[in-house]
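Visitor:
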Amino acid sequence: MPYRSTEILSPGPAGKTPLHTIALTHDQRHLRRKLLHLDNDDVVMLDLKEAVMLADGDLLVLDTGDHVRIAAVAEPLYDIRPRDPLHLIELSWHLGNRHLAAEIRLDRILVLRDPVIKAMLEGLGATVGEVTEPFQPMRGAYHGSGGHSHGHGSHHHAHD
Numbered sequence: 500m501p502y503r504s505t506e507i508l509s510p511g512p513a514g515k516t517p518l519h520t521i522a523l524t525h526d527q528r529h530l531r532r533k534l535l536h537l538d539n540d541d542v543v544m545l546d547l548k549e550a551v552m553l554a555d556g557d558l559l560v561l562d563t564g565d566h567v568r569i570a571a572v573a574e575p576l577y578d579i580r581p582r583d584p585l586h587l588i589e590l591s592w593h594l595g596n597r598h599l600a601a602e603i604r605l606d607r608i609l610v611l612r613d614p615v616i617k618a619m620l621e622g623l624g625a626t627v628g629e630v631t632e633p634f635q636p637m638r639g640a641y642h643g644s645g646g647h648s649h650g651h652g653s654h655h656h657a658h659d
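Positions 500 to 659 (the numbering used here) are the ones given, in order, by the sequence shown.
The structure is reproduced here in structure tokens:
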């Protein structure tokens, strides 16, 4: 049975029991309009007014009033450990300067694996390990602002 969803509950309330769960990588969770396939071969037509970044635990509200839970898939990541809190800020700045999706925590940073980035981080004194776990990067400054386009013609910094 095809379903339609035009609404998201973010974060999803704890009291709601979803019909299904859809597991997606962080890239797959950036959506506006898409057919999402459930594990029972049903389909949900997601049709939002603007693009959103879905988070682990968000609920899609179906046209039937039921819900489908979004789950973050475990992905191959680097677990970046700083020397101290100031070093964490420095490492975060370098990753942000490269426009990388990053999950920043009090004691570590998670990013998708990229050997060039690993070498840069180790060169900056970070300890970098490999993990596989769900990835929930920080939402950008323009998340939810209604279609920010990040062109490179108007700002003044170099990209490596």
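Cβ atoms here follow ideal geometry from the backbone N, Cα and C, with glycine treated the same way.
Could you check what DSSP says for MET552 in three-state terms: helix, strand or coil?
Guide: Position 53 of the sequence shown, counted from the first residue, corresponds to residue 552. Strand.
Visitor: Decide if HIS525 is buried, meaning its Cβ has at least 16 other Cβ atoms within 10 Å, or exposed.
Guide: In the sequence shown, residue 525 corresponds to position 26, counting from 1. So HIS525 counts as buried.
Visitor: Looking at C-alpha atoms only, which residue of ALA601, LYS548, GLU602 is the closest neighbour of ILE507?
Guide: The count along the sequence shown starts at 1 and reaches residue 507 at position 8. With distances taken between Cα atoms, ILE507 lies closest to LYS548.
Visitor: In this structure, does DSSP put ALA618 in helix, strand or coil?
Guide: As a working note, residue 618 is residue 119 in the sequence shown. In this structure, ALA618 counts as helix in the three-state DSSP scheme.
Visitor: Quick one: grab the DSSP three-state call for PRO581.
Guide: For the purposes of this step, residue 581 is taken as residue 82 along the sequence shown, with counting starting at 1. Reduced to three states, the DSSP call for PRO581 is coil.
Visitor: In three-state DSSP terms, what is LEU623?
Guide: Translated into positions along the sequence shown, residue 623 becomes position 124. In this structure, LEU623 counts as coil in the three-state DSSP scheme.
Visitor: When we look at the beta-carbon of ALA510 and count the other beta-carbons within 10 Å, is it buried (16 or more) or exposed?
Guide: As a working mapping, residue 510 is identified with position 11 in the sequence shown. Inspection of the sequence shows that residue 510 is occupied by Pro rather than by Ala. PRO510 is exposed by the Cβ-count criterion.
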